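Under our numbering, the first residue of the sequence shown is numbered 38, with each subsequent residue one higher.
No residue lacks a Cβ here, since even glycine has one placed at the ideal position from N, Cα and C.
Please read all numbers here as calculations on a predicted model, not as lab measurements.
Notes follow the structure.
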Amino acid sequence: MKKNEDYHFIGLSADIKKAGVFVKDHLVVYYAEGRFYCFSKQCPHLPEVGDLSIGAFCPINKTVKCPAHAVTYCLNTGIPVREAHRRLGSLDLYEPIELEGNLFIKI
Ligand code: FES
Numbered sequence: 038m039k040k041n042e043d044y045h046f047i048g049l050s051a052d053i054k055k056a057g058v059f060v061k062d063h064l065v066v067y068y069a070e071g072r073f074y075c076f077s078k079q080c081p082h083l084p085e086v087g088d089l090s091i092g093a094f095c096p097i098n099k100t101v102k103c104p105a106h107a108v109t110y111c112l113n114t115g116i117p118v119r120e121a122h123r124r125l126g127s128l129d130l131y132e133p134i135e136l137e138g139n140l141f142i143k144i
């Protein structure tokens, strides 16, 4: 970690790895195949409706599908996978950082 950057504590890495999915505040963290994925819990389409913590996470395609209207977001870019959905907005992604048994995100 660099001194001039702000970090937000998410939780203990081992707990998140064991659970596979973890929700804290407005964030969702998934752990799969040796990697953490962190993104906003609220779907960009209709934030008050779409809860991505109960969406369909796919570690193979690195996507999450919103349970409300099935928009699927790429977890590398935050952009909807389907061209027709791109006008709905992009998902906020956060960089997870594991340090000494703790997981942080850069904010
Ligand atoms: S609220 Fe998520 S796709 Fe519509």
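DSSP state of Lys143 mapped onto helix, strand, coil = Looking up residue 143 in the sequence shown gives position 106. Here Lys143 sits in strand by DSSP.
Same chain, Cβ closer than 8 Å to Ile134, five either side skipped, listed in chain order | As a first step, residue 134 is located in the sequence shown; it is residue number 97 there, counting from the start. Contacts found: Met38, Tyr44, Leu140, Phe141, Ile142 and Lys143.
Hey, would you say Thr100 sits closer than 8 Å to Thr114, going by beta carbons?
-> What you label residue 100 is simply residue 63 of the sequence shown in a count that begins at 1. What you label residue 114 is simply residue 77 of the sequence shown in a count that begins at 1. The answer is no: Cβ separation not under 8 Å.
Give the range of the alpha helix (DSSP H) segment to which Lys55 is assigned.
-> One-based indexing of the sequence shown puts residue 55 at position 18. Where Lys55 is concerned, the enclosing alpha helix (DSSP H) stretches over Ser50 to Ala56.
Counterpart residues of Cys75 in DSSP-defined beta bridges = Translated into the one-based positions of the sequence shown, residue 75 becomes position 38. Per DSSP, Val66 and Tyr131.
Sorry if obvious, but does the Cβ on Cys75 come closer than 7 Å to a heavy atom of ligand 1?
-> Within the sequence shown, the letter at position 38 stands for residue 75. Every heavy atom of ligand 1 is 7 Å or more from the Cβ of Cys75, so no.
At a cut of 8 Å, does the stretch 91-100 reach the stretch 47-55 through at least three beta carbon pairs?
-> no
How is His45 classed by DSSP in three states: helix, strand or coil?
-> Within the sequence shown, numbered from 1, the residue matching residue 45 stands at position 8. It is a strand residue.
For Lys78, which residues from the same chain have a beta carbon less than 7 Å from its beta carbon, with the 5 sequence-adjacent residues on both sides left out?
-> The count along the sequence shown starts at 1 and reaches residue 78 at position 41. Cβ within range, chain order: Val60, His63, Leu64, Val65, Asp88, Leu89 and Ser90.
Please determine, among Gly126, Leu130 and Glu137, the residue with the shortest C-alpha to C-alpha distance to Tyr67.
-> Within the sequence shown, the letter at position 30 stands for residue 67. Of Gly126, Leu130 and Glu137, the residue nearest in Cα terms is Leu130.
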